[in-house]
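Written out below as structure tokens is the structure these notes cover.
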Ligand SMILES: *Cc1c(COP(=O)(O)O)cnc(C)c1O
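Structure (structure tokens):
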């Protein structure tokens with residue numbers, strides 16, 4: 134018989150009772166170091182007093198009013214994002230997929246309202262992940278996710294990542310823009326090279342296209358800058374954010390320059406829940422931490438420490454791992470054993486991780502993680518790798 138909860142996930146047989154910082158306690162009393170952070174989302178870890186306090190205080194006043202009225206918490210959040218990014222204006226929604234849908238709508242609308250209604254196509258990349266709505270399945274382009282869901286939504290062209298010639302060849306009279314993740318998260322922690330991103334910017338400028346960045350996973354401090362694109366000096370025209378933006382409370386956002394954002398006029402796009410007082414209060418509490426003096430520099434230092442440990446693991450367990458990759462606190466170990474096996478072995482050691490494409494084991498700890506906790510995680514990974522090595526030896 135089918136489970137009451139629709140069986141869309143192959144869940145690990147474990148549930149969590151509570152957490153604190155980078156740690157989680159399961160309902161059966163075990164303690165885990167959370168280097169998955171709910172898929173790069175619990176940015177302040179668990180039970181962060183600032184976030185908990187902000188949510189509790191706002192919930193006790195008003196949770197939701199709709200966008201028929203002014204929402205001061207959302208106005209403040211938007212102003213802070215504008216002040217700290219390339220963007221001039223922000224639209225709030227509820228998830229990464231919804232943010233990307235809006236981003237593509239915005240690209241099309243901006244083209245239509247500047248004399249190019251025929252420009253509706255978006256160039257995307259092999260290995261991308263943009264979400265699970267019908268259109269974002271097409272933007273993602275992964276056959277496995279599209280299977281059984283009927284004709285893919287038209288309007289997305291896929292080319293290999295980091296191949297500028299392929300991008301330039303794919304640009305045609307119907308192209309509206311390009312959508313790229315600075316680091317492909319689900320796709321296996323694959324970085325878009327800085328030179329490649331600069332080349333995309335140049336191509337967009339040359340052909341009058343819009344550059345869209347999907348920073349749903351890379352944004353809000355994760356990679357060692359508020360947004361990862363800042364690290365290579367490339368500015369998009371429009372960007373999506375979500376995952377870590379409200380520390381685990383559901384929220385997405387579209388950030389855009391005025392030249393683009395002005396085309397989403399009143400009535401052209403909307404959301405019932407997006408940018409509620411509660412969601413905005415949570416996101417403001419996250420920004421209180423992430424924008425505090427020195428916090429992002431601390432992420433960079435912690436990330437360097439973690440990365441060095443991962444590089445050591447690769448050299449010590451060449452039969453288990455063959456690459457450490459990523460940016461900031463979004464990192465991965467390319468595995469030579471199935472990544473699901475490594476993930477299970479890490480969990481047996483008390484470390485939560487997330488599998489990613491390309492047989493990569495993904496580590497995305499909360500941004501508040503300490504170096505000492507990274508040292509513990511590396512130790513646990515070493516034990517997990519030794520466990521996998523012993524199994525390989527037993528099989529041979
Ligand atoms: C997770 C993710 C999405 C989808 O976000 P949802 O909130 O699950 O809809 C889109 N793009 C990227 C890069 C992501 O990592």
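Residue numbers (my numbering): 134 to 529.
Glycine residues also receive a C-beta, built at the ideal position from the N, C-alpha and C atoms.
Return the bridge partner residues of residue i from the DSSP annotation.
| i | result |
| --- | --- |
| residue 310 | 255, 343 |
| residue 289 | 255 |
| residue 467 | 456, 493 |
| residue 239 | The partner list for residue 239 (beta bridge, DSSP) is empty, contrary to what the question assumes. |
| residue 317 | 323 |
| residue 488 | 494 |
| residue 152 | 157 |
| residue 179 | 154 |
By the 10 Å Cβ neighbour count, where 16 or more other Cβ atoms means buried, how is residue i classified, buried or exposed?
| i | result |
| --- | --- |
| residue 450 | buried |
| residue 376 | buried |
| residue 370 | buried |
| residue 168 | buried |
| residue 231 | buried |
| residue 362 | buried |
| residue 366 | exposed |
| residue 440 | buried |
| residue 315 | buried |
| residue 300 | buried |
| residue 197 | exposed |
| residue 138 | exposed |
| residue 341 | exposed |
| residue 144 | exposed |
| residue 201 | exposed |
| residue 227 | buried |
| residue 351 | buried |
| residue 178 | buried |
Residue i to residue j, Cα distance in whole Å?
| i | j | result |
| --- | --- | --- |
| residue 154 | residue 229 | 24 Å |
| residue 250 | residue 522 | 57 Å |
| residue 141 | residue 278 | 12 Å |
| residue 454 | residue 159 | 29 Å |
| residue 148 | residue 472 | 21 Å |
| residue 150 | residue 157 | 8 Å |
| residue 318 | residue 266 | 18 Å |
| residue 308 | residue 255 | 6 Å |
| residue 253 | residue 469 | 41 Å |
| residue 420 | residue 525 | 46 Å |
| residue 211 | residue 517 | 43 Å |
| residue 353 | residue 478 | 30 Å |
| residue 513 | residue 213 | 38 Å |
| residue 409 | residue 529 | 57 Å |
| residue 445 | residue 373 | 34 Å |
| residue 346 | residue 311 | 8 Å |
| residue 426 | residue 193 | 30 Å |
| residue 348 | residue 464 | 15 Å |
| residue 394 | residue 216 | 16 Å |
| residue 494 | residue 457 | 10 Å |
| residue 182 | residue 332 | 43 Å |
| residue 390 | residue 195 | 31 Å |
| residue 246 | residue 239 | 10 Å |
| residue 491 | residue 323 | 9 Å |
| residue 174 | residue 496 | 12 Å |
Is there at least one Cβ from chain B nearer than 8 Å to residue i's Cβ?
| i | result |
| --- | --- |
| residue 471 | Absence of chain B from the displayed structure is noted, only one protein chain being present. |
Would you mind reading off the limits of the alpha helix (DSSP H) that contains residue i?
| i | result |
| --- | --- |
| residue 298 | 297-303 |
| residue 478 | 472-482 |
| residue 505 | 504-528 |
| residue 204 | Segment: none, residue 204 is in no alpha helix (DSSP H) and carries neither H nor E. |
| residue 428 | 428-449 |
| residue 146 | Residue 146 -> no alpha helix (DSSP H), and no H or E assigned at all. |
| residue 188 | 182-192 |
| residue 410 | 410-423 |
| residue 271 | 267-273 |
| residue 461 | Per DSSP, residue 461 belongs to no alpha helix (DSSP H) and is neither H nor E. |
| residue 277 | 276-279 |
| residue 172 | 170-173 |
Need the endpoints of the beta strand (DSSP E) that residue i sits in, please.
| i | result |
| --- | --- |
| residue 372 | 371-374 |
| residue 387 | 385-389 |
| residue 166 | 164-167 |
| residue 157 | 156-159 |
| residue 222 | 222-226 |
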